[in-house]
Amino acid sequence: MGLISLLWGIVAMLWMVLALIPVIGITNWLLIPFAAVGALIAAIGIALTSREKRGRAKTGLLLNGLVIVVAVVRLSMFGGLL
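The numbers in the sequence shown follow UniProt numbering, run straight up by one, and end at 82.
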């Protein structure tokens with residue numbers, strides 16, 4: 001679960017960088033649920049693994065959470081249009 005959430009977070013981060021382009025910014029509406037699913041997978045990974053093996057899941061949770069925050073801020077700046 002940790003590896004899946006980490007890879008999901010990397011893909012979400014790359015998508016976020018692409019969504020910072022003004023014309024493509026509308027894709028943030030799809031990016032937020034995508035990153036939320038990655039954060040959910042990471043949370044499940046944290047809950048189900050032992051304390052020593054939580055690093056990847058925590059990193060995935062951090063990446064997906066950061067993507068969600070940036071996407072929400074980006075949408076709120078222009079009223080969700082750009």
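Yeah, the Cβ is synthetic: ideal placement off N, Cα and C, and Gly gets one too.
Secondary structure of Leu24, DSSP reduced to three states: Within the sequence shown, residue 24 is the residue found at index 24, counting from 1. Looking at the sequence provided, one finds Ile at residue 24 rather than Leu. In the three-state scheme derived from DSSP, where H, G and I count as helix and E and B as strand, Ile24 is classed as helix.
task: Within the same chain, show all residues whose beta-carbon is closer than 6 Å to that of Ala35, passing over the 5 residues directly before and after it, in chain order.
output: Reading the sequence shown from its first residue, position 35 is the one you call residue 35. The beta carbon of Ala35 sits closer than 6 Å to the beta carbons of Ala12, Asn64, Val67 and Ile68 from its chain, once the five residues preceding and following it are set aside; these are given in chain order.
task: Rounded to whole angstroms, what's the CA-CA distance from Val37 to Ser5? Just pull it up for me.
output: Here residue 37 corresponds to residue number 37 of the sequence shown, with the count starting at 1. Here residue 5 corresponds to residue number 5 of the sequence shown, with the count starting at 1. Answer to the nearest angstrom: the Cα atoms are 9 Å apart.
task: From the DSSP output, in three-state form, read off Arg54 for me.
output: Mapped onto the sequence shown, residue 54 falls at position 54. Under the three-state reduction of DSSP output, Arg54 falls in the coil class, being neither helix nor strand.
query: What is the DSSP secondary structure of Met13, counted as helix, strand or coil?
result: Position 13 of the sequence shown, counted from the start, is the residue given in the question as residue 13. Three-state DSSP puts Met13 in a helix.
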